[in-house]
Amino acid sequence: MGRYEGEFLVIGLGRFGGGLATTLAELGHDVLGVDVDPKLIQSFANVLTHVVEADSTDMDAMQQVGAGDFATAVVAIGTEIEASILTTSVLVDLGVPKIVAKAVTEAHGTILERVGAHRVIFPERDMGVRVGHSLAGAMIDYFQLDPGFALVETTAPQVIVGKTLAGAEVRRRYGITVVCIKPEGGSFTYATPDTVVQEGDILVVAGETPRAEAFGELG
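Take our numbering: the final residue in the sequence shown is number 722, and no numbers are missing along the way.
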């Protein structure tokens, strides 16, 4: 059987896994949700394409639900670290080509990587970083795309208000690129060198993490 390229297997339907699975479903993807809690399975029965009550640490159970046929699986199990690791190991043995696993600690994440997870995410830590940055300055939101590269949403700093992006020399002076801009009360549009920054504009900028952060904190 070919892999279900446009479908996702989400194991663990708690707050993170349930929210992720629901979002994928709203975006038009088919999602198979798996959990050991029958109450959670019932609550997602009318939300996801398929839901199955099963022990994800059991190889036979995962084979029966067709876990090995999915191109992407997300291990969203929360505080049960042993179950998270065993589930990841089962998916690796089944040959799932892309396994994304949630970790709650750095040690947990290291083990998941060693077991074979292709990507380890830290939702609580990452959200804390984003909220911290948004509280520290003019930043509205913050996304760490890679360890050394970030995308920052921020209000336009006064030093460039009234200038074009070319005239403000944002790339030379601040080492960032303004990706798009949203006038107050308007919608986001792509930024060009001739775009004039106005008071109250919201900018989305990209650049190396320290430079993007510094620009977002100009205020």
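Every residue, glycine too, gets a C-beta built ideally from N, C-alpha and C.
Model, not experiment: these values are computed from the prediction.
Suppose you measure from the CA of residue i to the CA of residue j; what does that come to, to the nearest Å?
i       : j       : result
Leu-551 : Thr-698 : 43 Å
Val-513 : Arg-617 : 21 Å
Pro-686 : Pro-696 : 16 Å
Leu-668 : Arg-675 : 11 Å
Phe-646 : Glu-529 : 22 Å
Asp-558 : Gly-688 : 49 Å
Val-537 : Gln-701 : 49 Å
Leu-527 : Val-578 : 15 Å
Thr-560 : Leu-589 : 5 Å
Gln-566 : Val-707 : 44 Å
His-611 : Glu-627 : 14 Å
Met-504 : Gly-569 : Model confidence at Met-504 stands at a pLDDT of 42, short of 50, so the residue's coordinates are unreliable and nothing is read from them.
Phe-691 : Asp-704 : 10 Å
Glu-720 : Asp-563 : 52 Å
Ser-546 : Val-539 : 13 Å
Leu-543 : Leu-615 : 25 Å
Ala-576 : Phe-718 : 37 Å
Pro-541 : Glu-609 : 30 Å
By alpha-carbon positions, which one of the options ends up nearest to residue i?
i       : options                               : result
Lys-605 : Ile-588, Asp-596, Ile-624 and Thr-590 : Ile-624
Thr-657 : Gly-651, Glu-716 and Asp-596          : Glu-716
Thr-680 : Gln-701, Glu-687, Phe-652 and Gly-665 : Phe-652
Ala-709 : Val-599, Ser-546, Val-673 and Lys-542 : Val-673
Phe-511 : Arg-518, Ser-559, Leu-543 and Ile-602 : Ile-602
Pro-650 : Gly-678, His-611, Thr-692 and Thr-712 : Thr-712
Ile-520 : Ser-587, Ile-663 and Gly-571          : Residue identity differs from the one stated: residue 520 is Gly in this sequence, not Ile. The candidate whose alpha carbon is nearest that of Gly-520 is Ser-587.
Gln-661 : Val-607, Ala-671 and Leu-523          : Ala-671
Asp-533 : Val-593, Val-554, Gly-598 and Gly-517 : Val-554
Strictly by DSSP, which residues pair up with residue i?
i       : result
Leu-654 : Phe-646 and Ala-709
Glu-510 : Asp-533
Ile-684 : Thr-692 and Leu-706
Asp-697 : Note: Asp-697 sits in no beta bridge, so no partner.
Val-554 : Gly-536
Thr-476 : In this structure the chain extends from 504 to 722, so residue 476 is not present and cannot be described.
Ile-679 : Gly-710
Excluding five sequence neighbours on each side, which residues of the same chain lie with their C-beta closer than 6 Å to the C-beta of residue i?
i       : result
Ala-620 : Thr-591, Ile-602 and Ala-604
Val-595 : Gly-619
Ile-584 : His-611
Gly-517 : Gly-581
Considering only residues of the same chain and omitting the five flanking positions on each side of residue i, which have a CB-CB separation below 7 Å?
i       : result
Arg-714 : Tyr-677, Gly-678 and Ile-679
Pro-600 : Ala-574
For residue i, collect the residues of the same chain with a Cβ closer than 8 Å to its Cβ; drop the 5 residues on either side in sequence, then sort them by chain order.
i       : result
Cys-683 : Phe-691, Thr-692, Tyr-693, Ala-694, Leu-706 and Val-707
### Length-filtered (4 minimum) alpha helix (DSSP H) runs lying within the segment 557-643
562-567, 584-596, 609-618 and 626-639
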